[in-house]
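Report on one structure; see the data block that follows.
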Amino acid sequence: MAAATQALSTTAAEKPRQAGGAENENQKQNEEACWRPVLDLPCQLTVDLPLPGFKLADFLKLQVGSVVATRWRIAQDVPLRVNGTLIAWGEFEGGGRRLALRLTELA
Numbered sequence: 706m707a708a709a710t711q712a713l714s715t716t717a718a719e720k721p722r723q724a725g726g727a728e729n730e731n732q733k734q735n736e737e738a739c740w741r742p743v744l745d746l747p748c749q750l751t752v753d754l755p756l757p758g759f760k761l762a763d764f765l766k767l768q769v770g771s772v773v774a775t776r777w778r779i780a781q782d783v784p785l786r787v788n789g790t791l792i793a794w795g796e797f798e799g800g801g802r803r804l805a806l807r808l809t810e811l812a
């Protein structure tokens, strides 16, 4: 009898979790549906890297392969903005001949 009661209570305890899981899935699908109309809108993504002392003459000398010196520390995250609004912070990461930004914190 105790085993039957335990089995019944386990089954009863599982039902609310399953219903909650289904509700969460429906909520997720509704949120995704709300975003569909705007997913193709263009936006400008920028990474702000201050270059104190950088001059127009320095800009005009830039070529493919140029290296620009900065006082930004390697361990210091850089701000990432979408249409001018801060959305996250990230760190630069290099791999081969590519430079990437790894998100470390959402704003």
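Residue numbers (my numbering): 706 to 812.
Glycine is no exception: its CB is placed at the ideal position from the N, C-alpha and C atoms.
Would you mind working out which of the options sits nearest residue i, comparing C-alpha positions?
| i | options | result |
| --- | --- | --- |
| Q781 | E810, V743, K733, L744 | E810 |
| C748 | E796, R776, T790, L765 | T790 |
| L754 | G770, E796, R803, G801 | E796 |
| G770 | R803, Q734, Q732, E730 | R803 |
| L746 | N788, G800, G801 | N788 |
Is residue j closer than 8 Å to residue i when the C-beta atoms are compared?
| i | j | result |
| --- | --- | --- |
| A805 | A793 | no |
| E798 | R807 | yes |
| V783 | V752 | yes |
| P757 | R778 | no |
With which residues is residue i paired in a DSSP beta bridge?
| i | result |
| --- | --- |
| R803 | G800 |
| R786 | T751, L791 |
| L808 | G795 |
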